[in-house]
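Novice:
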Amino acid sequence: MKNLHQSMREQKIKRTKFDFRFNKAEFKCLFFIDENPYWLVLAIKGTDFFIKLNVEVGYVINPILEPKDYYKLKELLGLKSSKEKFSIKGFFETFNGKIPNTVRSSSVVLPYETAPFFEYPEKTDGMYFVGWINHDGIKSNAQSQNLEKTKTLIGKEAYQICKKKNISSRWSDKEKYKFNVPQVPN
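According to our numbering, the sequence shown is numbered sequentially starting from 1.
1) Considering Cα atoms alone, identify which of LYS45, PRO63 and VAL60 is closest to LEU77.
2) For SER105, does the count of other Cβ atoms within 10 angstroms reach 16, so buried, or fall short, so exposed?
3) Under the DSSP definition of a beta bridge, which residues are partnered with ASN36?
4) Suppose contacts are defined by Cβ-Cβ distances below 8 Å. Is PRO100 in contact with PHE32 by that definition?
5) Which whole-angstrom value is the C-beta distance of THR152 and PHE118, which I expect to be below 8 Å?
6) In whole angstroms, what is the alpha-carbon distance linking GLY58 and PHE27?
7) Using the beta-carbon count (16 or more within 10 Å), is VAL60 buried or exposed?
8) Contact defined as beta carbons within less than 8 Å: I believe VAL109 pairs with ARG15. What is the distance between those atoms, to the nearest angstrom?
9) Alpha helix (DSSP H) containing ILE161: first to last residue?
10) At which residues does the beta strand (DSSP E) containing TYR128 begin and terminate?
11) Our contact map puts TYR71 next to ILE88 with C-beta atoms below 8 Å; I'd like the distance itself, whole angstroms only.
12) For GLU75 and LYS165, what's the separation of their Cα atoms in angstroms?
13) Put PHE92 into one of helix, strand or coil per three-state DSSP.
Now the structure itself:
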């Protein structure tokens, strides 16, 4: 994870994604370095199952799962029998060996990819980023719920700039906006 983190910093990428396969499960992994501690999300593709972990200093994670998550993970990995050995420590050791060393610009996390894993306000407005709305402070202002959604789906840097400059993020539920990449306003 250290090499991936270094590559992200060199390319000024705060959120990245990569795939990981273990047994019968294909994972979509998200790594966020704009949070403190960093966040790691492991989501099994084609399901609503995911694990969100804090990544502490030294790239340390606490691999202890709630029993319901442990058994669900084991089931989704295709390990249904209680006789089939499964170690969460071994799982994360395998994962650690599969983390890419570098990040590509095509692996930047888009807001809609973050949405399923986090609670945020204004869910009804959609999860596809449309653009920015500048407010004049007289007729309109950025609302706290919109700022929170911006922070969750785009990141802290965008949140701080929007809060300081009275800017809102605009969202839609229309898939035509799915691949819009938000550029942090300046």
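Glycine is no exception: its CB is placed at the ideal position from the N, C-alpha and C atoms. Because the structure is a prediction, the values reported are computed rather than measured.
Specialist: In terms of the structure at hand:
1) For the purposes of this step, residue 77 is identified with residue 77 of the sequence shown, where counting begins at 1. It is LYS45 whose Cα lies nearest to the Cα of LEU77.
2) As a working note, residue 105 is residue 105 in the sequence shown. Counting Cβ neighbours within 10 Å, SER105 comes out exposed, since fewer than 16 surround it.
3) Your numbering for residue 36 matches position 36 in the sequence shown. Its beta-bridge partners do not exist; DSSP assigns none.
4) Residue 100 sits at position 100 when you count from the first residue of the sequence shown. Residue 32 sits at position 32 when you count from the first residue of the sequence shown. Their beta carbons are not under 8 Å apart, which means PRO100 does not touch PHE32 by this criterion.
5) To locate residue 152, count along the sequence shown from 1; it is residue 152. To locate residue 118, count along the sequence shown from 1; it is residue 118. 5 Å between Cβ atoms; contact.
6) For the purposes of this step, residue 58 is taken as the residue at position 58 of the sequence shown. For the purposes of this step, residue 27 is taken as the residue at position 27 of the sequence shown. Each residue's alpha carbon lies about 23 Å from the other.
7) Residue numbering aside, residue 60 sits at position 60 when the sequence shown is read from its first letter. Exposed is the call here.
8) Reading the sequence shown from its first residue, position 109 is the one you call residue 109. Reading the sequence shown from its first residue, position 15 is the one you call residue 15. With a Cβ gap of about 4 Å, VAL109 and ARG15 count as contacting.
9) In the sequence shown, the residue the question calls residue 161 occupies position 161. Here the alpha helix (DSSP H) through ILE161 covers 156 to 165.
10) As a position in the sequence shown, residue 128 is number 128, starting the count at 1. Taken as a continuous stretch (DSSP letters only), the beta strand (DSSP E) holding TYR128 covers 128 to 134.
11) The count along the sequence shown starts at 1 and reaches residue 71 at position 71. The count along the sequence shown starts at 1 and reaches residue 88 at position 88. Actually they do not touch by this definition, with Cβ atoms about 11 Å apart.
12) For the purposes of this step, residue 75 is taken as the residue at position 75 of the sequence shown. For the purposes of this step, residue 165 is taken as the residue at position 165 of the sequence shown. So the two alpha carbons sit approximately 48 Å from each other.
13) As a working mapping, residue 92 is identified with position 92 in the sequence shown. Correct three-state label for PHE92: helix.
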